[in-house]
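In this note's numbering, the protein residues as written are -4 to 319.
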């Protein structure tokens, strides 16, 4: 009740400080001084109970009438300003002046002083709502809803956005902008990596390529051997490192000093170190449960014609999503 009353008085007196300085200079200065003192009292109330407010500290910060008038005008401007956030999801979040004015705790003679802890708490609230939650979702061409645990996405920079918002408030100007991000994605909608990507589905042993959201290529596959932890294909979000033709793939060096295997491929599209998409002419069948006991060393084996077609569609940087 005490906070509400003092705040109402402060707003009313701040508005009163806008009376013409030509005909009513003495009144303006008097009312502005009162407004500033009340503002200081609000700050004390925000940090104290009504019974232990330190009025000595409030009075010690009292400004001259001219300074108080200028401060009162600034605080009145704060009440009318806003910060409009343009979020990556397409949402618009408006921080209004009344909320901002509740964070004002004083005046340093030039600028109003804002409680940085309250500003940071507001930014943290935005993060809690709008930061990517560590999971990406999309609808697969086979009609199933897919999910992938990944840190990829939009993340608001707590320190950076707190500093930017403090600066916005000090400017006394209404602004509309996106928040400061520490990490950004290709788009706000799911999947946030965009609508052009390769999907490798380990459980169904099938791969798809989507171009602008439309599936334009698909193929049965053989992925890494599921029963061998060292050869199973890792899931995750990757990008094509490069692509090339006429490549010999070699395994690790064995005890005899030679590669454990050597395989020639016509189309090589690596995306995770030595793991990539490629043709496998040594296989006569693909898909099904071949991968469980007779899979690859981790790569995604494709029929020759399907690898050739994919090679013509993707490029360095194309997103590759490997999911269960």
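For every residue, glycine included, the Cβ atom is placed at its ideal position computed from N, Cα and C.
Values in this document were obtained by computation on a predicted structure and should not be read as measured data.
Asked, Found
"For residue 189, which residues of its own chain have a beta-carbon under 6 angstroms away from its beta-carbon, when the five flanking residues on both sides are left out?", "181 and 182"
"Can you tell me where the beta strand (DSSP E) holding residue 209 begins and where it ends?", "209 to 215"
"Could you tell me which uninterrupted beta strand (DSSP E) segments, each at least 3 residues in length, are contained entirely in the stretch 153 to 197, listed from first to last along the chain?", "170 to 172, 176 to 178 and 192 to 196"
"Taking the alpha carbon of residue 208 as the point to measure from, which residue in 141, 135, 111 and 147 has its own alpha carbon closest?", "135"
"Check whether the stretch 167 to 176 and the stretch 73 to 82 touch, using three or more Cβ-Cβ pairs below 8 angstroms as the test.", "yes"
"Hey, would you say residue 228 sits closer than 8 angstroms to residue 285, going by beta carbons?", "no"
"Please confirm if the stretch 250 to 257 is in contact with the stretch 299 to 314, defined as three or more CB-CB distances below 8 angstroms between the two stretches.", "no"
"Answer with buried or exposed for residue 2, where buried requires no fewer than 16 other C-beta atoms within 10 angstroms of its C-beta.", "Note that residue 2 scores a pLDDT of 44, beneath 50, so its modelled location is shaky and nothing firm can be said."
"Confirm, please, whether the CB-CB distance from residue 222 to residue 287 is below 8 angstroms.", "yes"
"Let me confirm a value: residue 57 is counted as buried when at least 16 other C-beta atoms fall within 10 Å, else exposed. Which label applies?", "Annotation note: pLDDT 48 at residue 57 (below 50); position unreliable, no value reported."
"In whole angstroms, give me the CA-to-CA distance for residue 318 and residue 153.", "31 angstroms"
"Taking only the alpha-carbon atoms, compute the straight-line gap between residue 106 and residue 95 and give it to the nearest angstrom.", "14 angstroms"
"Assess contact between the stretch 259 to 269 and the stretch 211 to 218, defined as three or more Cβ pairs (one per stretch) separated by less than 8 angstroms. Is contact present?", "no"
"Out of 258, 215, 121 and 216, which one is the CA nearest neighbour of residue 244?", "258"
"Between which residues of its own chain and residue 130 is the CB-CB distance below 8 angstroms, once the five residues before and five after are set aside?", "142, 143, 144 and 145"
"Specify, as a first and last residue, the run of the beta strand (DSSP E) that residue 320 falls within.", "In the structure displayed, the chain extends from -4 to 319; residue 320 sits before or after that span and is not available."
"From which residue to which residue does the beta strand (DSSP E) around residue 77 run?", "77 to 81"
"Using C-beta distances below 7 angstroms, list every residue in its chain close to residue 85, excluding the 5 sequence neighbours before and after it, in chain order.", "183"
"Give me, in chain order, the residues of the same chain whose beta-carbon lies closer than 6 angstroms to that of residue 265; leave out the 5 immediate sequence neighbours on both sides.", "236 and 271"
"Under DSSP, the alpha helix (DSSP H) around residue 299 begins and ends at which residues?", "299 to 306"
"Buried or exposed, going by whether 16 or more other CB atoms sit within 10 Å of the CB of residue 247?", "exposed"
"Residues in its own chain within less than 8 angstroms of residue 204 by CB, not counting five upstream and five downstream?", "192, 193, 194, 210, 211, 212, 213, 305, 308 and 309"
"Looking only at its chain, what residues have a beta carbon closer than 7 angstroms to the beta carbon of residue 98, apart from the 5 residues adjacent to it on each side?", "109, 110, 113 and 114"
"Short of 6 angstroms in beta carbon distance, which residues of its chain neighbour residue 301, apart from the five on each side in sequence? Order them along the chain.", "214"
"How would you call residue 89, buried or exposed, if buried means at least 16 neighbouring beta carbons within 10 angstroms?", "exposed"
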